[in-house]
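Undergrad: I have a structure I would like to understand better, so I am pasting it below and will then ask my questions one at a time.
2 protein chains.
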Amino acid sequence: MTVPARLPPLSEMSEALLFQGLDSIALKRIFGVAVESSMRASETLFHQGDEANRLYLVVSGVVKLSQVTANGTSHVLRLMSAGDIIGCVAVFNCCPYPATAFVEEDAILISWAEPQFRRLMEDHPDLTANALRLVGARTQEFVTRLGEINGATAEQKIARAVLRLARQAGVKETNGVRVGTTRQDLADMSGITYFTVSRIVSNWKRLGLVEADRREVLIKQPHALLLLSEGN
Amino acid sequence: MTVPARLPPLSEMSEALLFQGLDSIALKRIFGVAVESSMRASETLFHQGDEANRLYLVVSGVVKLSQVTANGTSHVLRLMSAGDIIGCVAVFNCCPYPATAFVEEDAILISWAEPQFRRLMEDHPDLTANALRLVGARTQEFVTRLGEINGATAEQKIARAVLRLARQAGVKETNGVRVGTTRQDLADMSGITYFTVSRIVSNWKRLGLVEADRREVLIKQPHALLLLSEGN
DNA sequence: CGCTTATTTGAAGCCCCTCAAGCAATGTGG
DNA sequence: CCACATTGCTTGAGGGGCTTCAAATAAGCG
Chain R
39 MTVPARLPPL
49 SEMSEALLFQ
59 GLDSIALKRI
69 FGVAVESSMR
79 ASETLFHQGD
89 EANRLYLVVS
99 GVVKLSQVTA
109 NGTSHVLRLM
119 SAGDIIGCVA
129 VFNCCPYPAT
139 AFVEEDAILI
149 SWAEPQFRRL
159 MEDHPDLTAN
169 ALRLVGARTQ
179 EFVTRLGEIN
189 GATAEQKIAR
199 AVLRLARQAG
209 VKETNGVRVG
219 TTRQDLADMS
229 GITYFTVSRI
239 VSNWKRLGLV
249 EADRREVLIK
259 QPHALLLLSE
269 GN
Chain F
39 MTVPARLPPL
49 SEMSEALLFQ
59 GLDSIALKRI
69 FGVAVESSMR
79 ASETLFHQGD
89 EANRLYLVVS
99 GVVKLSQVTA
109 NGTSHVLRLM
119 SAGDIIGCVA
129 VFNCCPYPAT
139 AFVEEDAILI
149 SWAEPQFRRL
159 MEDHPDLTAN
169 ALRLVGARTQ
179 EFVTRLGEIN
189 GATAEQKIAR
199 AVLRLARQAG
209 VKETNGVRVG
219 TTRQDLADMS
229 GITYFTVSRI
239 VSNWKRLGLV
249 EADRREVLIK
259 QPHALLLLSE
269 GN
């Protein structure tokens, strides 16, 4: 349910990595052909396999990227929040969206039609160069995760997943950082069952490292989790 | 032991994805500042953490990219063969090489100094665009692998690793496809121990799916392995 | 209140890791 | 050409971490 709205504030979003180093004329042109839309939680931006016809920039809110693999299991790739670009690989590479984008928390997005953004990249080489850096960083992130999985225990994986979520979509509170997530999502991010997640999170509760209710985890001792994630 | 040699044959290497769509003038300039070198098996192109000062294009031979993770285990990211680009993410992103490049089979390489290649990208936007596609494809590959790991048995993982190797660096023979690899490498690609690899490969031998000697595997029934990799 | 969704907990079992030992192929030096 | 070390591979036994299956509890929602 994308609802076109007023032009977004240039000054805010032009800070996104994708637009670094571009002059105000270029920025004006880029944002001139952009569309702003707002989406409610539980809506879907696009499904895995859809034709990649738009590139999105997250202004606010949280969007979950998840993927269904050949064996039928689904796993969470990443949570996207303010400043993140969604759909870059698919749009730059002319392939279907490789993942599903699901709105976790009410979000405001700016988007561009694929052919238009391609034109913009042709006319502004800096934009292409920025995109290259961005995709490169993404690659590194996934390669790192590939390595982290090796030989890690379930507890390490979950600790990492929780901390990653806290970084990407956590809310600071007086007694810690609150993360909105289900045990199932944590399991899908870590490649383990939600039974194991539940057992381990319960244990953390007992130790006072976190508080955890249905659909959320409050991290009380981030440092302790960090130590756990690195294997004590 | 890099040995500068004659200028490489343009007609051959300009087919690499990185150079698609570039006119002969651009190609002449690009290859004009390139350096050809040949390396023997067991030599190292660069180590993980080294400053990324060169971009390599593989003309022939096989180069193994491997990474040591925080927990001390090493894992094989990929084998690179003719047409593959090595060091792209690091050079494009101005960060140290994230992996070590080890020559598995005698190789001939063409390489560019980092600042020079950066200049080339500035002057030839198509080159940047190609690089973006290339890195994007690489990202997808790793994301796919992240998903495949979930819920896969050791046998599935090894089957996939062997097939991937066959694709990336296999040699067709009369009775199958020969892959030069140790059990240890297969283990490092799959995130399992080489004991388990040995047990499973031995079992495949017993079933007649492969022949396997020290440092090599001959795939006799690729289709059977493919089925295994997908979980029967 | 029922119905669905999210979570907890237990018990059984299997897959894979760990550790230990031995074998075969390949060098290497005398 | 043999002695010996090294490297790569195989095989066994034991144990543990995680999955699977089953069941119960609790929270949200019409």
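So the sequence lines, in the order shown, correspond to chains R and F. Just add 38 to wherever you are in the first sequence, counting from 1, and you've got the numbering used here. Just add 38 to wherever you are in the second sequence, counting from 1, and you've got the numbering used here. Note that beta-carbon positions come from the ideal geometry of N, C-alpha and C, so glycine has one too.
(1) Name the chain R residues whose beta carbon is nearer than 8 Å to that of A199 (chain F)?
(2) Nearest-angstrom Cα distance between I257 (chain F) and G218 (chain F)?
(3) Along the segment 116-132 of chain F, what residues have a CB closer than 9 Å to any CB found in chain R?
(4) Among F:A250, F:V200, F:V181, which one has its Cα closest to the Cα of D226 (chain F)?
(5) Along the chain, which unbroken stretches of the beta strand (DSSP E) at least 3 residues long are found entirely within the segment 210-260 of chain R?
(6) Please return the same chain residues whose Cβ sits closer than 6 Å to the Cβ of R198 (chain F), not counting the five positions on each side in sequence.
(7) Beta-carbon within less than 8 Å of E254 (chain R)'s beta-carbon, same chain only, minus the 5 sequence neighbours each way: which residues are those?
(8) Do A64 (chain R) and T166 (chain F) have their beta-carbon atoms positioned less than 8 Å apart in this structure?
(9) Do F130 (chain R) and G174 (chain F) have their C-beta atoms within less than 8 Å of each other?
(10) CB-CB under 6 Å to A250 (chain R), same chain, minus the five flanking residues each way: which ones, in chain order?
(11) Along the chain, where does the alpha helix (DSSP H) that runs through V127 (chain F) open and close?
(12) What do you reckon, are the CB atoms on L147 (chain F) and S75 (chain F) nearer than 8 Å?
(13) Return the Cβ separation of L170 (chain R) and L170 (chain F) in integer angstroms, given the expectation that the two are a contact with Cβ distance under 8 Å.
(14) Since R157 (chain R) is in the alpha helix (DSSP H), which residue starts that stretch and which ends it?
(15) Using a beta-carbon distance below 8 Å, is R44 (chain R) in contact with chain F?
(16) Any C-beta of chain R sitting closer than 8 Å to the C-beta of N188 (chain F)?
(17) Would you tell me roughly how many angstroms separate the C-alpha atoms of G125 (chain R) and R183 (chain R), rounded to the nearest one?
(18) Going by DSSP, name the residue or residues bridged to L93 (chain R).
(19) Contact between the segment 149-164 of chain R and the segment 89-97 of chain F: three or more CB pairs below 8 Å?
(20) Tell me the rounded alpha-carbon separation between V248 (chain F) and A120 (chain R).
(21) My output table needs one value for Q194 (chain F): the three-state DSSP class, helix, strand or coil.
(22) Quick one: what does DSSP say A204 (chain R) is sitting in, helix, strand or coil?
(23) Just checking my contact of R221 (chain F) with V235 (chain F) at CB under 8 Å: how many whole Å lie between their CB atoms?
(24) With a threshold of 16 other CB atoms inside 10 Å of the CB of T212 (chain F), please say whether the residue is buried or exposed.
(25) Ends of the beta strand (DSSP E) at R116 (chain R)?
(26) Distance cutoff 8 Å, beta carbons only. Does P272 (chain F) sit that close to anything in chain R?
(27) Hey, how far is the Cα of G246 (chain F) from the Cα of T191 (chain R)?
(28) Tell me which residues of the segment 87-111 of chain F have at least one Cβ-Cβ distance to chain R shorter than 9 Å, keeping chain order.
(29) From the DSSP output, which residues share a beta bridge with I123 (chain F)?
(30) Taking the Cβ atom as the reference point for each residue, do L117 (chain F) and V100 (chain F) lie within a distance shorter than 8 Å?
(31) State yes or no: is the beta carbon of A175 (chain R) nearer than 8 Å to at least one beta carbon in chain F?
(32) Less than 8 Å between CB atoms is the rule here; does P153 (chain R) satisfy it with respect to chain F?
(33) The beta strand (DSSP E) that contains F69 (chain F), what's its start and end?
TA: Here's the rundown:
(1) Chain R residues near A199 (chain F): none, gap ~13 Å exceeds 8 Å.
(2) 11 Å
(3) C126, V127, A128, F130, N131, C132
(4) F:V200
(5) 214-218, 248-251, 254-257
(6) Taken in chain order, the residues that qualify are S267.
(7) Taken in chain order, the residues that qualify are R216, V217, G218, T219.
(8) no
(9) yes
(10) V239, K243
(11) That run of the alpha helix (DSSP H) goes 126-131.
(12) yes
(13) 5 Å
(14) Element bounds for R157 (chain R): 152-161.
(15) Residue placement at R44 (chain R) is flagged as unreliable, the pLDDT there being 47, under the threshold of 50; a coordinate-derived value is accordingly withheld.
(16) Yes, its Cβ sits closer than 8 Å to a Cβ of chain R.
(17) 20 Å
(18) R:W150
(19) No, they do not touch.
(20) 51 Å
(21) helix
(22) helix
(23) 5 Å between Cβ atoms; contact.
(24) Exposed, because fewer than 16 other Cβ atoms sit within 10 Å of the Cβ of T212 (chain F).
(25) Start and end: 112-118.
(26) Lying before the first or after the last residue shown, residue 272 (chain F) is absent from chain F, which here runs from 39 to 270.
(27) 35 Å
(28) Q105, V106, T107, A108, N109, G110, T111
(29) Beta-bridge pairing links I123 (chain F) to F:L95.
(30) yes
(31) yes
(32) Contact of P153 (chain R) with chain F is not assigned, every C-beta pair being separated by 8 Å or more.
(33) Premise fails: F69 (chain F) lies in the alpha helix (DSSP H), 62-70, not in any beta strand (DSSP E).
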